[in-house]
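Q: So this note's numbering is basically just the index in the sequence shown, starting at one, shifted up by 1062. Here you go, one structure.
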Amino acid sequence: MIRTVHAEMVFPFDPDQTWDFFFADQGQHLVNLSKQVAAVRDYHIRADGTPRYSMDLRIGPLTVSGTSDYTVFDRPRRTVNAVLSEPFGGVYEMRFEPVVLGTRVSTEWTVEATTHLGGLLLPMVAPLLARALRADLVTIARRACKESLCGP
């Protein structure tokens, strides 16, 4: 079973600056800005320039671990990575689009159930995942603004 969830947010920074909020310092900057990303570990850049790392995500009272295995890492435009996790995996894409007010960050997660239980839960969980992604983008943008002194 598969569901697609989307989230987007405009960051008041250019694409390079916005990219760095997500990917600078091997993901450690994101850990400091996000409410959901609890840890990034075992970060390696392969010969083709794509990273692979493990990540712990806080989802409500739970912490879920998984691996992000990138196939596209096109700074500062786009990333595509396989989400290797249980009970949900899939493909996660981020786009960084210059707009008048900064950079629109668009995310799309094609969520795939990787276990039988995941298949049963996915129809109910997908809307919650979408809401959580949107809320975390808002948090990251607010904290990035505060850190960079870009306004209230």
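Cβ atoms here follow ideal geometry from the backbone N, Cα and C, with glycine treated the same way. The structure displayed is predicted, hence computed values, not measured ones.
(1) Measuring straight from C-alpha to C-alpha, what distance separates residue 1085 and residue 1067?
(2) Determine contact between the segment 1089-1102 and the segment 1120-1133, defined as no fewer than three beta-carbon pairs at a distance below 8 Å.
(3) Could you say which of 1212, 1206, 1210 lies nearest to residue 1095 if we only look at CA atoms?
(4) I believe residue 1173 touches residue 1188 by the beta-carbon criterion, under 8 Å. Please report the beta-carbon distance rounded to the nearest angstrom.
(5) Is residue 1110 buried or exposed, if buried means 16 or more other CB atoms sit within 10 Å of its CB?
(6) Are residue 1112 and residue 1147 close, meaning C-beta to C-beta below 8 Å?
(7) Taking the alpha carbon of residue 1157 as the reference point, which residue from 1069, 1065, 1064 has its own alpha carbon closest?
(8) By DSSP's criteria, residue 1150 is part of a beta bridge. Which residues make up the other side?
(9) Measuring CA to CA, which of 1137, 1123, 1171 is closest to residue 1265?
(10) Return the residue from the list 1204, 1106, 1149, 1074 that minimises the CA-CA distance to residue 1124.
(11) Along the chain, where does the alpha helix (DSSP H) containing residue 1080 start, and where does it finish?
(12) Can you tell me whether DSSP reads residue 1204 as helix, strand or coil?
(13) Beta carbon of residue 1154, beta carbon of residue 1165: below 8 Å?
A: Working from what's here:
(1) Position 23 of the sequence shown, counting from 1, holds the residue named residue 1085. Position 5 of the sequence shown, counting from 1, holds the residue named residue 1067. Going from the Cα of residue 1085 to the Cα of residue 1067 covers about 21 Å.
(2) Put simply, the segment 1089-1102 touches the segment 1120-1133. At least three CB pairs are less than 8 Å apart.
(3) As a position in the sequence shown, residue 1095 is number 33, starting the count at 1. Among 1212, 1206, 1210, the Cα nearest to that of residue 1095 belongs to 1206.
(4) As a working note, residue 1173 is residue 111 in the sequence shown. As a working note, residue 1188 is residue 126 in the sequence shown. Rounded to whole angstroms, the Cβ separation of residue 1173 and residue 1188 is 6 Å, and the two are in contact under 8 Å.
(5) Reading the sequence shown from its first residue, position 48 is the one you call residue 1110. With fewer than 16 other CB atoms across the displayed protein chains lying within 10 angstroms of its CB, residue 1110 is exposed.
(6) Position 50 of the sequence shown, counting from 1, holds the residue named residue 1112. Position 85 of the sequence shown, counting from 1, holds the residue named residue 1147. Contact check for residue 1112 against residue 1147 fails: the beta carbons are separated by 8 Å or more.
(7) Counted from its first residue, the sequence shown places residue 1157 at position 95. Of 1069, 1065, 1064, the residue nearest in Cα terms is 1069.
(8) Translated into positions along the sequence shown, residue 1150 becomes position 88. Partner(s): 1175.
(9) Only positions 1063 to 1214 of the chain appear in this structure, which leaves residue 1265 out of reach.
(10) Locating residue 1124 in the sequence shown gives position 62, where the first residue counts as 1. For residue 1124, the nearest C-alpha among the options comes from 1149.
(11) As a position in the sequence shown, residue 1080 is number 18, starting the count at 1. Its alpha helix (DSSP H) spans residues 1077-1085.
(12) Sequence index remark: in the sequence shown, residue 1204 carries index 142 (1-based). Residue 1204 falls in the helix class under three-state DSSP.
(13) Here residue 1154 is taken as the residue at index 92 of the sequence shown, counted from 1. Here residue 1165 is taken as the residue at index 103 of the sequence shown, counted from 1. Remark: C-beta atoms of residue 1154 and residue 1165 do not approach each other more closely than 8 Å.
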